[in-house]
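Chemist:
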Amino acid sequence: MQAAELNAEIISVGTEILLGEITDTNSVFLARTLRDMGVNVYFMTSVGDNERRIAEVIRIALSRAQIVIMCGGLGPTVDDMTRQGVAVATNRELIFHQSLLDSIAQRFTSLRVHMTENNRRQAYVPDGAIIIENPVGTAPGFAVEQGEQVVICLPGVPREMKYLMNESVIPYLRKRYGITTQIIKARNFKTAGIGESMLDELLGSDLLQSSNPTIGLAAHSGVIDIRITAKADTTEQADAMIAEFEAAVRERAGEYIFGSDGDTIDSALMEALKSRHARISVIEAGIQSIVGERFKDIDENLVRSVVFYPDINAAVTSLGVDSEGSVRQIAERLAAAAADHRSADTVGLAVVSLTATNDDHADADEVSAAAVVYKGERRSRAYGFGGKTESARSWTGTWAMAQAWRMLKD
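With my numbering applied, the sequence shown closes on residue 410, and no number is skipped along the way.
Structure follows, in structure tokens:
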């Protein structure tokens with residue numbers, strides 16, 4: 001069977017995920033692994049430690065996927081409910097396996113750790129399940145086959161999950177479904193200085209509606225990713241397909257592309273400053289330093305100055321800037337002040353936010369702003385979130401650097 005015909009769904013189990021206490025990196029690993037096998041993943045679900053809800057998400061997954069891979073909830077405590085949830089969803093009894101308990105006990109002995117009575121729970125698996133031995137941990141996994149479908153349960157400890165996935169599950173899936181060497185490869189291209197809707201229009205429907213390769217857009221506060229994904233039988237074929245689409249993307253939107261994959265707008269901006277023999281001057285006011293922090297290890301020949309003010313009042317007073325008008329207008333004046341009195345080749349960048357001390361703007365809808373000024377040209381944008389929020393730190397700073405890169409490149 002071609003992997004392209006297979007759909008898989010990933011279910012992560014654990015109330016701690018839903019409470020935000022841990023980050024679910026397991027699902028990311030599983031999705032990438034399945035992608036590299038050429039298996040489609042259309043849904044990922046997180047569910048708490050509740051038997052009824054676990055059974056419900058399994059039933060839903062089985063209604064739309066041949067392969068369901070679950071992670072977590074296989075421990076020995078009363079809140080580890082994956083075994084029960086799978087049994088309910090697949091209409092099976094939980095069966096005790098003495099050999100499995102012996103294997104678990106042997107594992108504890110090898111670790112010189114006392115095994116408590118509650119570990120006996122881990123020796124119960126749904127009737128007819130295929131046991132997946134766990135030589136690197138104490139929680140065994142298992143697979144329950146339902147006709148052409150299968151539910152595979154793996155421990156939540158990342159090291160154990162990755163080992164069992166690589167050593168046991170991938171070979172099992174390849175054999176059971178006759179998966180060929182078809183793979184899925186993806187590459188991201190980074191753009192700046194253009195809005196998502198305009199980029200969408202530039203690329204055109206012929207590229208965006210292609211089924212293989214596919215193109216997707218993802219906006220990140222002034223930076224937009226163009227993701228090209230190709231399915232093929234070999235790596236070489238996938239690379240060639242991506243290269244063909246990359247050429248088309250660069251022809252239509254190449255002037256906005258500053259890098260690919262792991263490249264950042266920070267490094268792109270530094271390279272643009274070098275190429276133009278320019279420098280940058282940064283002012284941040286009333287907002288926790290974001291641009292300054294990202295520039296702190298940059299060549300001092302590129303960064304003329306980075307100044308932080310506790311609030312806008314202090315900034316406008318220090319620089320002699322008019323404090324009237326909107327936060328966006330003030331940001332523009334501060335950026336111009338940073339650029340004008342330095343040199344013709346200085347980029348002025350300002351990121352500001354109103355604070356409680358700015359009584360004149362207490363009812364303003366726009367409370368944060370970013371502005372860039374270079375050789376008389378200015379670009380600015382205002383936001384509705386305050387300077388103490390993570391959104392303000394991320395969006396305003398990244399947007400400003402993206403605009404600075406674009407202005408230098410033009």
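Don't be surprised by glycine CBs; every beta carbon is placed ideally from N, CA and C.
Quick one: Cα of residue 17 to Cα of residue 82, how far?
Modeler: 15 Å
Chemist: Counting beta carbon pairs with one atom in the stretch 96 to 103 and one in the stretch 33 to 45, are three or more of them shorter than 8 Å?
Modeler: no
Chemist: What three-state label does DSSP hand residue 179 in the structure shown?
Modeler: In the displayed model, residue 179 falls within coil according to three-state DSSP, outside both helix and strand.
Chemist: Going by DSSP, name the residue or residues bridged to residue 12.
Modeler: 46 and 71
Chemist: Beta strand (DSSP E) containing residue 265: first to last residue?
Modeler: First-last for residue 265: 265 to 275, but that is the alpha helix (DSSP H), not the beta strand (DSSP E).
Chemist: Return the bridge partner residues of residue 284 from the DSSP annotation.
Modeler: 308 and 351
Chemist: Please check the pair residue 250 and residue 257, which I expect to be a contact at CB under 8 Å, by giving their CB distance rounded to whole angstroms.
Modeler: 6 Å
Chemist: Taking buried to mean at least 16 other C-beta atoms within 10 Å of its own C-beta, is residue 198 buried or exposed?
Modeler: exposed
Chemist: Quick one: what's got a C-beta closer than 6 Å to residue 76's C-beta in the same chain, skipping five residues either side?
Modeler: Closer than 6 Å at Cβ, skipping near neighbours: 118, 119, 121 and 122.
Chemist: One question on the structure: do residue 150 and residue 126 come within less than 7 Å of each other, judged by their Cβ atoms?
Modeler: no
Chemist: Let me know the secondary structure DSSP gives residue 356 once reduced to three states.
Modeler: For residue 356, the predicted model reports a pLDDT of 45, less than 50, meaning its position is unreliable; a value from the coordinates is still stated below. Note: residue 356 maps to coil in three-state DSSP.
Chemist: Tell me which same chain residues have a C-beta within less than 7 Å of the C-beta of residue 291, skipping the five on either side of it?
Modeler: Contacts found: 282, 284, 349, 351, 397, 400 and 401.
Chemist: Are at least three pairs of beta-carbons, each pair with one atom in the stretch 197 to 216 and one in the stretch 57 to 76, less than 8 Å apart?
Modeler: no
Chemist: Just the C-alpha distance for residue 409 and residue 272, rounded to the nearest angstrom, thanks.
Modeler: 7 Å
Chemist: With H, G and I counted as helix, E and B as strand and the rest as coil, what does DSSP make of residue 291?
Modeler: Reduced to three states, the DSSP call for residue 291 is helix.
Chemist: Buried or exposed, going by whether 16 or more other CB atoms sit within 10 Å of the CB of residue 5?
Modeler: exposed
Chemist: Could you work out which residue in 35, 262 and 232 is closest to residue 226 when comparing CA atoms only?
Modeler: Nearest of 35, 262 and 232 to residue 226, Cα basis: 262.
Chemist: Considering only DSSP beta bridges, list what residue 225 is partnered with.
Modeler: 190 and 218
Chemist: Please report the distance separating the alpha-carbon of residue 331 from that of residue 26.
Modeler: Their Cα atoms are separated by approximately 42 Å.
Chemist: So the candidates are 9, 322, 191 and 31; which of them puts its Cα closest to the Cα of residue 184?
Modeler: It is 31 whose Cα lies nearest to the Cα of residue 184.
Chemist: So, with DSSP's three-state summary, where would you put residue 318?
Modeler: helix
Chemist: Ignore the nearest five residues each way along the sequence and tell me which others in residue 279's own chain have a CB closer than 8 Å to its CB.
Modeler: 273, 301, 302, 303, 304, 342, 343, 345, 346 and 347
Chemist: State the CB to CB distance for the pair residue 156 and residue 73, rounded to an integer number of angstroms; the pair is presumed to be in contact (CB under 8 Å).
Modeler: That belief holds up - the Cβ atoms of residue 156 and residue 73 are roughly 7 Å apart, short of 8 Å.
Chemist: What's the C-alpha gap between residue 13 and residue 40?
Modeler: 21 Å
Chemist: Ignore the nearest five residues each way along the sequence and tell me which others in residue 187's own chain have a CB closer than 6 Å to its CB.
Modeler: 228 and 242
Chemist: Consult DSSP for residue 313 and reduce its assignment to one of helix, strand or coil.
Modeler: helix
Chemist: For the stretch 132 to 141 against the stretch 162 to 178, are there 3 or more C-beta pairs whose distance is under 8 Å?
Modeler: yes
Chemist: Please report the distance separating the alpha-carbon of residue 255 from that of residue 196.
Modeler: 15 Å
Chemist: Under a three-way DSSP split, which group does residue 93 fall into?
Modeler: If DSSP states are grouped into helix, strand and coil, residue 93 belongs with coil.
Chemist: May I have the straight-line CA-CA distance separating residue 50 from residue 153, to the nearest angstrom?
Modeler: Approximately 16 Å between the Cα atoms of the pair.
Chemist: Which class does residue 166 belong to by DSSP, given the choice of helix, strand or coil?
Modeler: helix
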